[in-house]
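In our numbering, the protein residues as written are -6 to 398.
A virtual CB, placed ideally from N, CA and C, is assigned to each residue, including glycine.
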């Protein structure tokens, strides 16, 4: 508990109610004669009690308050532990907190610590001294949500001390809106101090983006547009993966990668990719420098894109692997193929019914498949496939469906 320095003032929230104190003389005048039977001393005591009750009621209506001043201070430090801040700067930020708390008064002031990336974690509740020697490991290091950390800090404060928040971050947030959250601090009269964590990478390559056309046709060659930014000239390879399989970008050499020479600044590249069949194509591109020291952070050397190739309508038939159900599914597939529909037969539970898989089909047929073979996420995926993507869903009845199954 902080020691109270003294009483600053006595105030009222609605001082207009104090005018009701003018009723006190009237109360005494009208009560004096009816209380005559009590005798002199008892009548005076009764009048004083009535006046005291009136005064207390008026003060309550006026919102009387006694304001006490405390020179105690609560400070909560917000430490950025996301991947955008190098480990060295994270350690320097913690060292700053340790030095700053060393100058505080442990018997009066309080210090709290919150570490944040995509999630915020309370490392120390507001207390008299710094009780930790490091912050915890990142939880979502690829995300930075300063706004959530600010909300958490405001909730940790008590009301008997002055309040202050110190943010130690590079400011590169990709989740939330810290500026909007700071407006709430203005309404609460809590100051925010910001200590920018400054750093510079002399050798760095960033894969800014890769774009692909959202839709294409079979036997079409699309162009993948790549943008890489480099701080200096560097050579390396572009590796391309299509549906998790590496694409040979240089058939004339043993190397499957695409050789590139990056100049300082943005570099735009185009890679043609032929598409042969109707399906969803997922692309992942990576940049691998010839000299690893030429790229300080390798985590930002990847980018992804996808293209949906439409063609003849394809049908996916899902059935159990029991002999009767499997044979019935293939008979159904043969009948649909005779109607010039491409059909695939898949065993229930063979692979998850992901959105990427379902996007390659215009219709899904569940042939006598019991519900327990699908988990909740797969059921939601089928519902979204029909509701949001416009896919068709047919259920063929049997002894395992349309009943207890």
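Hey, would you say residue i sits closer than 8 Å to residue j, going by beta carbons?
i           : j           : result
residue 87  : residue 56  : no
residue 78  : residue 163 : yes
residue 299 : residue 273 : yes
residue 387 : residue 309 : no
residue 307 : residue 378 : no
residue 294 : residue 263 : no
residue 252 : residue 222 : no
residue 200 : residue 280 : yes
residue 269 : residue 211 : yes
residue 184 : residue 157 : yes
residue 138 : residue 166 : yes
residue 146 : residue 169 : no
residue 149 : residue 179 : no
residue 99  : residue 114 : no
residue 375 : residue 334 : no
residue 59  : residue 3   : yes
residue 159 : residue 68  : yes
residue 360 : residue 325 : yes
Excluding five sequence neighbours on each side, which residues of the same chain lie with their C-beta closer than 8 Å to the C-beta of residue i?
i           : result
residue 382 : 348, 351 and 352
residue 54  : 7, 10 and 13
residue 44  : 17, 20 and 21
residue 249 : 232, 239, 240, 241, 242 and 243
residue 256 : 223 and 226
residue 194 : 224, 289 and 290
Helix, strand or coil, according to DSSP, for residue i in the structure here?
i           : result
residue 372 : helix
residue 8   : helix
residue -3  : With a pLDDT of only 41 at residue -3, under 50, the local geometry of the prediction cannot be trusted, and no value is derived from it.
residue 347 : coil
residue 383 : coil
residue 38  : helix
residue 261 : strand
residue 23  : helix
residue 420 : Residue coverage of the chain in this structure runs from -6 to 398, which leaves residue 420 outside it and unanswerable.
residue 391 : strand
residue 46  : helix
residue 55  : helix
residue 342 : coil
Quick one: what's got a C-beta closer than 7 Å to residue i's C-beta in the same chain, skipping five residues either side?
i           : result
residue 190 : 73, 78, 82, 86, 161, 162 and 163
residue 207 : 300 and 301
Just to confirm my understanding: we take residue i, look at its own chain, exclude 5 residues before and 5 after, and list those with CB closer than 6 Å. What are they?
i           : result
residue 112 : 132 and 133
residue 341 : 311, 313, 362 and 366
residue 155 : 66
residue 283 : 228 and 229
Using 10 angstroms around the beta-carbon of residue i, count the other beta-carbons present and answer buried if the total reaches 16, otherwise exposed.
i           : result
residue 322 : buried
residue 261 : exposed
residue 142 : buried
residue 390 : exposed
residue 129 : exposed
residue 125 : exposed
residue 37  : exposed
residue 337 : exposed
residue 75  : buried
residue 90  : buried
residue 393 : buried
residue 64  : exposed
residue 174 : buried
residue 94  : buried
residue 127 : exposed
| task | Please list the segments of the alpha helix (DSSP H) lying wholly inside the stretch 120 to 190, counting only runs of 4 or more residues, in order along the chain. | result | Every unbroken stretch of the alpha helix (DSSP H) spanning 4 or more residues and falling wholly within the stretch 120 to 190 is given here in chain order: 139 to 149 and 171 to 181.
| task | Could you tell me which uninterrupted beta strand (DSSP E) segments, each at least 3 residues in length, are contained entirely in the stretch 57 to 91, listed from first to last along the chain? | result | The qualifying runs are 57 to 62 and 66 to 73.
| task | With a floor of 3 residues, list each beta strand (DSSP E) that falls wholly inside the stretch 251 to 326, ordered by position along the chain. | result | Taking only runs of at least 3 residues, the beta strand (DSSP E) segments lying wholly in the stretch 251 to 326 are 251 to 255, 258 to 268, 273 to 282, 295 to 303 and 307 to 312.
| Can you give, in chain order, each stretch of the beta strand (DSSP E) that sits fully within the stretch 180 to 251 and has at least 3 residues? | Runs found: 185 to 189, 198 to 204, 208 to 210, 213 to 223, 227 to 235 and 238 to 240.
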